[in-house]
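One structure is given here, and the rest of the page talks about it.
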Amino acid sequence: MGVTQMKRWLILCLVLLFTTIILLSRLACGGQPTVVIPVEESDTVQPSEAPPDPRLAAGVPRNARPDAVFVGDTACVTCHEEITKRYQGHAMANTLHPAVIVDPHEKSGGKDATFQSGGMAFSIRRDGGHLWHREDLVRDGKCLVSEGKRVALGIGSGRRGRSYLVENDGRYYQSPISWFASKGIWDISPGFGADRHFSRAVNSQCLYCHAGESEIVDSFNPKFKPLNEKSRGIGCERCHGPAGDHVTHWLDHAGPAPSERGKPDPTIVNPGRLQAVPRDSVCNQCHLQGAIRVERRGREQREYRPGLDLAEFWTVFLHHPALADNFKAVGQVEQMESSQCHQKSSGALGCITCHDPHGEPSPQTRDVFYRQKCGQCHAGTPGKARDCSAPKPDRQALNDACARCHMPKNGATDVVHVSLTDHRIAKKPDEKNSKAKRPLRQGEVPLVRYRESSQIPVEAQDRDLGIGLVRQSLNQPPEIAGILQKLATPMLGRAVGIWPDDASALAQLGQGLRSTNPEESIRLLRRLNRLHPGHEEGLYKLASALFFAEKPVEAEPLARRLLELDPVSSGPYDLLSAIQLDLKDWPALEKTTRDWLKMHPLTLVARQRLVEALYRQNQSDQARKEFETVLELDPAGRQERVLWYHGLGR
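Whatever position you read off the sequence shown (first residue = 1), add 1300 for the numbering used here.
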């Protein structure tokens, strides 16, 4: 074959290949163009070396390994009947229930109930074994707009209260309605703003600590596989580890268990036998909330196993002490660890020193139970607390209960209607924390690690801190957000330089650079999208970065793709409709906002954008009707809304 023929043959092959690719793409997408992310050859990356798995390290418990089998609580009953039955009355065993179960804690609220808040009417109704929550915009006795959802799950034991989740296509959203047991009332769920309604998404961290077993569809998105019987509350294996080997071993074994003879059982973890850090990690996996949690590179929170150090799986950041409120911003774990009892015992005092993880004392025995716990350390006679220095009448008025004075209930929490026990264990009942808020000094950052560790490389620590700072910036005013992102950028830049395929670092660095270096932000987020096309957060950030960089034409198909992946949450609708508004694509904007309102009828921004879409299409009567609803949804902003509406005609 000559040179000329060779060239023609190569050209023909390339044409055929190109034509085939186009045909296949059209067939795959029903004739519609696909969303193509430009590939920059200079930005191709090789997979980073995976970090070592802590579950495979030398000396870890046998049931910490990745292939250890979970068997569920029913397998524990055969040998541990008494303790298993007792645990069923514990709050931790009742953290999640199907909503069809009538909650005895709610009976005082009535089968059906209503209340009003923020100009909205809320109702709770049981019908045919189902629980329904509804929010109505009512004016002059007429319901203008309504959003009602069938509740799928109740979250919380009900002792202090209970919140509720609705489910749609494997995604869970918190209801704006919660039950507050201490006051026996229904009210707005903690932390809900005026425009949240039924759109607050529940992430994997929420279900991890309320469901005994929950499994996400993939590692990046808050979509869950169906929950099962093992999901109802926190089970034995959450604290003792997978029990497959343990059950198999002892069903085939005669004689008493080694742990009953005073020896550790190698097939299961007993937190009471652990050193302080792994012991506390068992409790801290859920009770140490901190300000922000960041999963370590290559790790997922559900991989944690009892007996290991929680810091191997995720980093918990606290508010800097200079910024932290004495009570509201500090969790009970942090309070307890700041106490003299914990510090002067060199950490020997932990959660299970005072709390029985298998059962809770009754109200009648609670004072005696905890007084005896205090007596374990503060005793003239073992098990009996020393006489208190407070006047006897004062002590008797409080049933001589140590905790009532030294660990009082405090109403200054971030959760309305709920009082939590102060775990600082103050020597004097009226003792105040002397640490006052102050501005941060040069070199200080607003987040600090729960525990510093020399075992974690500096670059890995900086990576986690950078991610935490960017996440913290998302709920801050623009000037504060800019400062936090500026602090995070060099940390995340180094992390991405070392691990160029680190999805979390790419997502947060892309977010952090959006204002200061939009082109670099887009480049990094394109890389993330290439590596993980179904990464919804990454796709959202990429479309947002393009829109922010005044590239709405490029952003629009990405926002559509995001809506295909998540047709339930408000975020994708908000982004796509904002882009369509910028493009002045009024028919498309009308469709998107109508679809959004079908899903979430009370969303103010969706209805206002629908008003503009209708107005721009000369549908003034419909626009005026929708605008009247906008005014009713936001009576406080009436003047501003009216000025905006009249401005549409200019």
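Even for Gly, the Cβ is constructed at its ideal location relative to N, Cα and C.
- Counting C-beta pairs closer than 8 Å gives fewer than three between the region 1589-1608 and the region 1386-1393, which falls short of the contact rule.
- By the C-beta criterion, the region 1480-1487 is judged not to be in contact with the region 1463-1470, since fewer than 3 inter-stretch pairs fall below 8 Å.
- DSSP places tryptophan 1486 in the uninterrupted beta strand (DSSP E) bounded by 1485-1488.
- The beta-carbon distance between serine 1870 and threonine 1893, rounded to whole angstroms, is 11 Å. This is too long to meet the 8 Å contact definition.
- Cβ-Cβ separation between histidine 1433 and valine 1445: approximately 15 Å, too far for a contact (criterion under 8 Å).
- In the DSSP assignment, proline 1366 forms no beta bridge with any residue.
- With contacts defined by Cβ atoms closer than 9 Å, aspartate 1801 and glutamine 1346 form a contacting pair.
- Under the DSSP assignment, valine 1466 falls in the beta strand (DSSP E) whose first and last residues are 1461-1468.
- Secondary structure in the region 1414-1463: the beta strand (DSSP E) runs of 3 residues or longer, each lying completely within the stretch, are 1420-1427, 1430-1439, 1442-1451 and 1453-1455 in chain order.
- DSSP places proline 1398 inside the beta strand (DSSP E), whose first and last residues are 1396-1398.
- Restricted to the region 1589-1632, the beta strand (DSSP E) segments that are unbroken, complete and at least 3 residues in length are 1592-1595 and 1614-1619, listed in chain order.
- For leucine 1902, there is no enclosing alpha helix (DSSP H), as DSSP marks it with neither H nor E.
- Put simply, the region 1577-1591 does not touch the region 1364-1384. Fewer than three CB pairs are less than 8 Å apart.
- Membership of glutamine 1474 in the beta strand (DSSP E) is indicated by the continuous run 1471-1474.
- Pairing serine 1877 with alanine 1906 gives a Cβ-Cβ distance under 9 Å.
- Pairing aspartate 1353 with leucine 1610, the inter-Cα distance amounts to about 13 Å.
- Excluding its 5 nearest sequence neighbours in each direction, leucine 1846 has C-beta neighbours in its own chain below 8 Å: Ile1822, Pro1852, Glu1854, Ala1855 and Leu1858, listed in chain order.
- The alpha-carbon of glycine 1448 is positioned some 56 Å away from that of proline 1691.
- In chain order, Gly1607 place their CB closer than 7 Å to the CB of leucine 1574, counting only its own chain and leaving out the 5 sequence neighbours on each side.
- The three-state reading of DSSP puts arginine 1941 in helix, counting H, G and I together.
- As a beta-bridge residue in DSSP terms, arginine 1532 pairs with Ala1511.
- A Cβ-Cβ distance of about 14 Å is found for the pair leucine 1431 and leucine 1396, leaving them out of contact under the 8 Å criterion.
- C-alpha of phenylalanine 1617 to C-alpha of glutamine 1919: approximately 52 Å in a straight line.
- Annotation for phenylalanine 1613: Pro1354, Glu1595, Arg1596, Arg1599, Glu1600, Gln1601, Glu1603 and Tyr1604 place their beta carbon closer than 8 Å to its own, counting only its chain and skipping 5 residues before and after.
- Residue environment analysis places leucine 1747 among the buried positions, since at least 16 neighbouring C-beta atoms fall within 10 angstroms of its C-beta.
- Here serine 1773 is buried. Its C-beta has 16 or more other C-beta atoms within 10 Å.
- By the Cβ-count criterion, arginine 1771 is buried, with 16 or more other Cβ atoms from all chains shown falling within 10 Å of its own Cβ.
- Here glutamate 1779 is exposed: its Cβ has fewer than 16 other Cβ atoms, across all protein chains shown, within 10 Å.
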